[in-house]
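Here is the structure:
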């Protein structure tokens with residue numbers, strides 16, 4: 001679900017970038033898109049690190065419920 005949300009945000013930002021002619025707003029939207037990319041990268045790294053860890057069943061279940069583990 002988080003992936004879908006981030007992709008929706010990225011799509012909205014790209015669409016807004018294309019539809020604005022104001023350089024200042026364009027800059028802010030591009031910056032927001034870059035920051036979103038940073039968040040996606042950090043989330044992917046965290047998920048990879050968590051996937052390699054050993055957790056008790058209760059904690060693993062809670063992390064799966066939150067979407068951190070598959």
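Numbering (the numbering used here), first residue to last: 1 to 70. Glycine is no exception: its CB is placed at the ideal position from the N, C-alpha and C atoms. For clarity, every value in this text was computed on a predicted model and none was experimentally measured.
(message) Using the Cβ count rule (16 or more neighbours within 10 Å means buried), how would you classify residue 13?
(response) To locate residue 13, count along the chain shown from 1; it is residue 13. The residue is buried, with at least 16 neighbouring Cβ atoms inside 10 Å.
(message) Among the candidates 52, 32, 66, 56, whose CA atom is the shortest distance from the CA of residue 9?
(response) Along the chain shown, read from residue 1 onward, the residue named residue 9 stands at position 9. Considering only alpha carbons, the answer is 32.
(message) Please identify the residue among 36, 23, 22, 21 whose C-alpha is closest to the C-alpha of residue 7.
(response) Along the chain shown, read from residue 1 onward, the residue named residue 7 stands at position 7. Selection 36, 23, 22, 21 evaluated against residue 7 yields 36 as nearest (Cα-Cα).
(request) Tell me whether the beta-carbon of residue 46 lies closer than 9 Å to the beta-carbon of residue 68. (result) Here residue 46 corresponds to residue number 46 of the chain shown, with the count starting at 1. Here residue 68 corresponds to residue number 68 of the chain shown, with the count starting at 1. Yes.
(request) Could you name the residues of the same chain whose beta carbon sits closer than 8 Å to that of residue 60, not counting the 5 residues immediately before and after it, in chain order? (result) One-based indexing of the chain shown puts residue 60 at position 60. Correct list, in chain order: 69.
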